[in-house]
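Undergrad:
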Amino acid sequence: MNQNLSTVLICPGQGAQRAGGVTDLAESFDQLPAEGQQAFRLASEIADCDLWRLGLSAEQADEARLRRPSLLQPFLVAWAVAEHAAVAPGVGPLSYVTGHSSGINSAMALSGAISLESALRFAWQCGTTMDQDCLERPGGLLALVGAGRATAEAIAAQSGASLANHNAPDQTVIGGTHESLARAIRVAPEHGGQPVELRVAGAFHTSSFEQSDALNRRFIDTLEIAEDFTPIVGNHMGQTIESPEQLRDELRSQYVRPVEWQSVLRTLYGAGVRRFLTLGPGNVMAGLARRYGKGLPDRIQIQRTSQLRS
25 MNQNLSTVLI
35 CPGQGAQRAG
45 GVTDLAESFD
55 QLPAEGQQAF
65 RLASEIADCD
75 LWRLGLSAEQ
85 ADEARLRRPS
95 LLQPFLVAWA
105 VAEHAAVAPG
115 VGPLSYVTGH
125 SSGINSAMAL
135 SGAISLESAL
145 RFAWQCGTTM
155 DQDCLERPGG
165 LLALVGAGRA
175 TAEAIAAQSG
185 ASLANHNAPD
195 QTVIGGTHES
205 LARAIRVAPE
215 HGGQPVELRV
225 AGAFHTSSFE
235 QSDALNRRFI
245 DTLEIAEDFT
255 PIVGNHMGQT
265 IESPEQLRDE
275 LRSQYVRPVE
285 WQSVLRTLYG
295 AGVRRFLTLG
305 PGNVMAGLAR
315 RYGKGLPDRI
325 QIQRTSQLRS
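Sequential numbering from 25 applies to the sequence shown in the working numbering.
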């Protein structure tokens with residue numbers, strides 16, 4: 025893959041992980057690069073939980089536990105740092121970094137906007153307040169495969185759910201209570217959408233998280249952000265973020281407004297990015313980039329960073 029092309033590094037958010045999937049990084053903790061070991065140790069200390077061991081477990085109860093935002097969000101940051109450290113020579117210079125949903129925490133760390141410890145602590149702090157919203161307002165997310173935005177909005181209106189992610193021209197995600205999503209599952213086929221339940225702890229990017237959104241602003245306001253960092257493309261309308269205040273604006277209301285992933289990819293392509301590198305866990309980000317790339321005037325190169333390991 026051509027390292028001379030303008031490159032973006034893409035970090036996934038909640039729902040990307042699978043039970044026991046941390047072995048995709050390394051067969052054992054000792055096989056992680058030093059930076060990865062440091063990231064998982066620090067994440068585990070901050071979250072008061074052995075996140076590497078939790079990620080190894082294929083037990084259903086442990087998989088459900090890892091979905092909790094207070095554990096999953098620092099886990100994803102540690103994963104991103106570990107995987108990037110393992111493949112850094114093959115990545116080359118980055119023009120942009122971005123993250124889907126909570127992947128913004130990983131993007132901030134890898135862009136140099138904030139330190140690793142700050143990223144992990146911020147992820148845990150915000151995740152802790154979101155845990156409470158998950159308990160008080162139980163819900164989830166439902167992908168509607170084959171449904172465009174207008175169709176998804178019609179299904180959401182009919183079922184009492186809300187638009188949560190616009191991921192691809194033919195894939196939109198809605199969020200809501202379990203009851204509203206059950207109604208959406210029933211009516212989606214009438215609109216030509218195939219419903220797929222996502223492995224998440226709550227109705228992220230909807231009004232269900234207004235309480236934690238308000239509480240998390242205190243962490244955002246005190247976050248130490250560097251003046252100079254690799255530009256980040258935000259989830260809200262795909263704007264380019266190049267200053268501390270722009271980054272704070274992106275983080276405010278992060279989980280109560282939809283992820284406009286199509287706008288993110290359009291911004292990157294419009295800025296000349298032709299090399300899209302996607303971190304794990306999972307391959308959802310690579311799949312969405314491939315969908316976006318179909319029919320574009322210029323061909324884009326898409327690769328999972330795990331393929332760069334020697």
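Even for Gly, the Cβ is constructed at its ideal location relative to N, Cα and C.
Model, not experiment: these values are computed from the prediction.
By DSSP's criteria, residue 196 is part of a beta bridge. Which residues make up the other side?
TA: Here residue 196 corresponds to residue number 172 of the sequence shown, with the count starting at 1. Looking at the DSSP assignment, residue 196 forms a beta bridge with 168, 190.
Undergrad: Run through the DSSP bridge pairs and tell me what residue 121 is partnered with.
TA: The residue labelled residue 121 in the question sits at position 97 within the sequence shown. In DSSP, residue 121 forms a bridge with 33, 256.
Undergrad: Counting C-beta neighbours from all protein chains within 10 Å, is the total for residue 47 16 or more, i.e. buried, or is it exposed?
TA: As a first step, residue 47 must be located in the sequence shown, where it is residue number 23. The C-beta of residue 47 has fewer than 16 other C-beta atoms within 10 Å across all chains shown, which makes the residue exposed.
Undergrad: How many Å lie between residue 326 and residue 95 at the Cα?
TA: In the sequence shown, residue 326 corresponds to position 302, counting from 1. In the sequence shown, residue 95 corresponds to position 71, counting from 1. Approximately 29 Å, taken between the alpha carbons.
Undergrad: Helix, strand or coil for residue 49? Go by DSSP, reduced to three states.
TA: Locating residue 49 in the sequence shown gives position 25, where the first residue counts as 1. In the structure shown, residue 49 sits in coil (DSSP, three-state: anything other than H, G, I, E or B).
Undergrad: Between 37, 158, 191, 145, which lies nearest to residue 167 when the distance is taken from Cα to Cα?
TA: The residue given as residue 167 occupies position 143 in the sequence shown. Residue 167 has its Cα closest to that of 191, out of 37, 158, 191, 145.
Undergrad: With C-beta atoms as the reference, is residue 157 less than 7 Å away from residue 228?
TA: Along the sequence shown, read from residue 1 onward, the residue named residue 157 stands at position 133. Along the sequence shown, read from residue 1 onward, the residue named residue 228 stands at position 204. Contact: no.
Undergrad: When DSSP labels each residue in this structure, what does residue 350 get in the three-state scheme?
TA: Since the first and last residues shown for the chain are 25 and 334, residue 350 lies out of range.
Undergrad: Alpha carbons only, please: which of 140, 289, 84, 203 is nearest the one belonging to residue 44?
TA: As a position in the sequence shown, residue 44 is number 20, starting the count at 1. Nearest of 140, 289, 84, 203 to residue 44, Cα basis: 84.
Undergrad: In the structure shown, what three-state DSSP assignment does residue 128 receive?
TA: Counting from one through the sequence shown, the residue named residue 128 turns up at place 104. Helix.
Undergrad: Does any residue of chain B bring its CB to less than 7 Å from the CB of residue 324?
TA: Chain labels in this structure do not include chain B; a single protein chain is all it has.
Undergrad: What residues are listed by DSSP as bridge partners for residue 300?
TA: For the purposes of this step, residue 300 is taken as residue 276 along the sequence shown, with counting starting at 1. Paired residue(s): 32, 326.
Undergrad: Within 8 Å, do at least three Cβ pairs link the region 140-153 to the region 184-202?
TA: no
Undergrad: Using the DSSP secondary-structure output, state which residues sit across from residue 218 in a beta bridge.
TA: By 1-based counting over the sequence shown, the position of residue 218 is 194. For residue 218, which the question treats as bridged, DSSP gives the partners 169.
Undergrad: Would a C-beta distance cut-off of 7 Å place residue 237 and residue 279 closer than the cut-off?
TA: If you number the sequence shown from 1, residue 237 lands on position 213. If you number the sequence shown from 1, residue 279 lands on position 255. Yes.
Undergrad: Starting from residue 291, trace the alpha helix (DSSP H) in both directions and tell me its first and last residue.
TA: One-based indexing of the sequence shown puts residue 291 at position 267. Looking at the DSSP string, the run of the alpha helix (DSSP H) that includes residue 291 is 285-294.
Undergrad: Suppose the cutoff is 7 Å on Cβ atoms and the five residues either side in sequence are ignored; what does the same chain contact list for residue 290 look like?
TA: For the purposes of this step, residue 290 is taken as residue 266 along the sequence shown, with counting starting at 1. Closer than 7 Å at the Cβ level, and outside the excluded window around residue 290, lie 262.
Undergrad: Residues in its own chain within less than 7 Å of residue 119 by CB, not counting five upstream and five downstream?
TA: As a first step, residue 119 must be located in the sequence shown, where it is residue number 95. Here the set comprises 30, 31, 32, 297.
Undergrad: Taking 8 Å as the cut-off, does the region 245-256 touch the region 134-142 (at least 3 CB pairs, one atom from each stretch)?
TA: yes
Undergrad: Give a yes or no on whether the C-beta atoms belonging to residue 314 and residue 225 are separated by under 7 Å.
TA: Translated into the one-based positions of the sequence shown, residue 314 becomes position 290. Translated into the one-based positions of the sequence shown, residue 225 becomes position 201. No, they are not a contact pair.
Undergrad: Under the DSSP definition of a beta bridge, which residues are partnered with residue 265?
TA: Walking along the sequence shown from the start, residue 265 turns up at place 241. In DSSP, residue 265 forms a bridge with 256.
Undergrad: With a threshold of 6 Å on Cβ separation, who are the neighbours of residue 309 within its own chain once the five nearest residues in sequence on each side are excluded?
TA: Working through the sequence shown from its first residue, we reach residue 309 at position 285. Counting only Cβ-Cβ distances below 6 Å, and skipping sequence neighbours, we find 34, 36, 302.
Undergrad: What distance in whole Å lies between the Cβ atoms of residue 257 and residue 288, which are believed to be in contact at a cut-off of 8 Å?
TA: The count along the sequence shown starts at 1 and reaches residue 288 at position 264. The count along the sequence shown starts at 1 and reaches residue 257 at position 233. Their Cβ separation, rounded to whole angstroms, is 5 Å, which keeps residue 288 and residue 257 in contact under 8 Å.
Undergrad: Return the Cβ separation of residue 111 and residue 143 in integer angstroms, given the expectation that the two are a contact with Cβ distance under 8 Å.
TA: Start at 1 with the first residue of the sequence shown, and residue 111 comes out as number 87. Start at 1 with the first residue of the sequence shown, and residue 143 comes out as number 119. Actually they are not in contact, since the Cβ atoms of residue 111 and residue 143 sit about 19 Å apart, beyond 8 Å.
Undergrad: Quick check on residue 28: buried or exposed, where buried means 16 or more other Cβ atoms within 10 Å of its Cβ?
TA: Here residue 28 corresponds to residue number 4 of the sequence shown, with the count starting at 1. By the neighbour-count rule (16 or more Cβ atoms within 10 Å), residue 28 is not buried but exposed.
Undergrad: Starting from the N-terminal side, write out each stretch of the alpha helix (DSSP H) that is 4 residues or longer and does not extend beyond the region 63-119.
TA: Unbroken alpha helix (DSSP H) stretches of 4 residues or longer found wholly inside the region 63-119: 75-80, 84-90, 93-115, given in chain order.
Undergrad: Ends of the alpha helix (DSSP H) at residue 138?
TA: Looking up residue 138 in the sequence shown gives position 114. For residue 138, no alpha helix (DSSP H) segment is defined, and its DSSP state is neither H nor E.
Undergrad: Determine the burial state of residue 124: buried for a count of at least 16 other Cβ atoms within 10 Å of its Cβ, exposed for fewer.
TA: Walking along the sequence shown from the start, residue 124 turns up at place 100. So residue 124 ends up on the buried side.
Undergrad: Which first and last residues belong to the alpha helix (DSSP H) in which residue 308 is found?
TA: Residue numbering aside, residue 308 sits at position 284 when the sequence shown is read from its first letter. Run containing residue 308: 308-317, per the alpha helix (DSSP H) assignment.
Undergrad: Just the C-alpha distance for residue 202 and residue 219, rounded to the nearest angstrom, thanks.
TA: Counting from one through the sequence shown, the residue named residue 202 turns up at place 178. Counting from one through the sequence shown, the residue named residue 219 turns up at place 195. Approximately 14 Å between the Cα atoms of the pair.
Undergrad: Near residue 39, what residues of its chain come up, given a Cβ to Cβ distance below 6 Å and the 5 sequence neighbours on each side ignored?
TA: Residue 39 sits at position 15 when you count from the first residue of the sequence shown. Excluding positions up to five away in sequence, the list reads 222, 223, 224.
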